[in-house]
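Asks:
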Amino acid sequence: MSARNRIEVIHGVNLDQLGRRNPEHYGGLNYDELTFRISAWAEELGLKVRFFQTNHEGDLVEHLHTLEGLADAIIINPGAWTHYAWAIRDALELAALPSFEVHLSDVDAREEFRRVSVIRDLCVGTIKGQGPDGYREALTRCQTLLKDA
Ligand code: DQA
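Structure follows, in structure tokens:
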């Protein structure tokens, strides 16, 4: 059997604007710098990553629809959609892949509305408040999970 090492790293709304957003919550890296780091960590771990980012909810839903047979696990930071986008939840459920939810900021220590995640219970784990390093943790957890599967 071929190695199960394909990780789809998905970013939602406004995450293309990293670097311009509040550095207190999101740090100073822009989106390209973040994906560059994630790629380097993935390579160290022997994982293959593909990236997708959109500001259009339907595009994210349709992207999730395409993943069958193309990815072994998902790392997803839906941005503000985390808190209310039921269509994204349904599409993530349909994708039926082990998924990790990542947030740069500690969503549970901010405004009340950020404490709700409509995808959390579908995910193997949630990593929040660790900045970019949270993606390294998610990749490491994907590696362990796919190795043990
Ligand atoms: C975020 C947290 C969300 O509440 C926010 O809307 C974002 C980014 C994070 O990575 O901390 O856009 O998902």
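Numbering (my numbering) for the sequence shown: 3 to 151.
Cβ coordinates follow ideal geometry from the N, Cα and C atoms, glycine included.
Gly-136 by DSSP, collapsed to three states: which one?
Replies: helix
Asks: Determine the burial state of Thr-128: buried for a count of at least 16 other Cβ atoms within 10 Å of its Cβ, exposed for fewer.
Replies: buried
Asks: Considering only heavy atoms of ligand 1, does any lie closer than 8 Å to the CB of Pro-80?
Replies: yes
Asks: Any chance the CB of Thr-84 is under 8 Å from a heavy atom of ligand 1?
Replies: yes
Asks: If you drop the 5 nearest sequence neighbours on each side, which residues of the same chain put their C-beta closer than 8 Å to that of Asn-79?
Replies: Excluding positions up to five away in sequence, the list reads Ile-12, His-13, Gly-14, Leu-17, Glu-103, Val-104, His-105, Leu-106.
Asks: Where does Arg-122 sit, in a helix, a strand or coil, going by DSSP?
Replies: The answer is helix: DSSP assigns Arg-122 an H, G or I state.
Asks: Taking only three categories from DSSP, how would you classify Thr-44?
Replies: Correcting the residue identity first, residue 44 is Ala in this sequence and not Thr. The answer is helix: DSSP assigns Ala-44 an H, G or I state.
Asks: Near Trp-43, which residues of its chain fall below 6 Å by C-beta distance, leaving aside the five closest residues on each side in sequence?
Replies: Arg-138, Leu-141
Asks: Nearer than 8 Å: is that true of the beta carbon of Tyr-137 relative to any heavy atom of ligand 1?
Replies: no
Asks: Consult DSSP for Lys-75 and reduce its assignment to one of helix, strand or coil.
Replies: With the sequence shown as reference, residue 75 is identified as Ala, and Lys is not the correct amino acid for it. Residue state, collapsed to three classes: strand.
Asks: Could you check whether the Cβ of Ala-97 sits closer than 9 Å to any Cβ belonging to chain B?
Replies: Included in the structure is just one protein chain, with no chain B present.
Asks: Check whether the Cβ of Tyr-33 sits closer than 8 Å to any heavy atom of ligand 1, and report yes or no.
Replies: no
Asks: Tell me the residue span of the alpha helix (DSSP H) that contains Gly-60.
Replies: 59 to 67
Asks: Does any heavy atom of ligand 1 sit closer than 8 Å to the C-beta of His-27?
Replies: At a cut-off of 8 Å, the beta-carbon of His-27 counts as near ligand 1: some heavy atom of the ligand is closer than that.
Asks: Have a look at Cys-125, Asp-123, Ile-76, Ala-93 and flag the residue whose alpha-carbon is nearest the alpha-carbon of Gly-60.
Replies: Looking at the Cα atoms, Ala-93 is the closest of the given residues.
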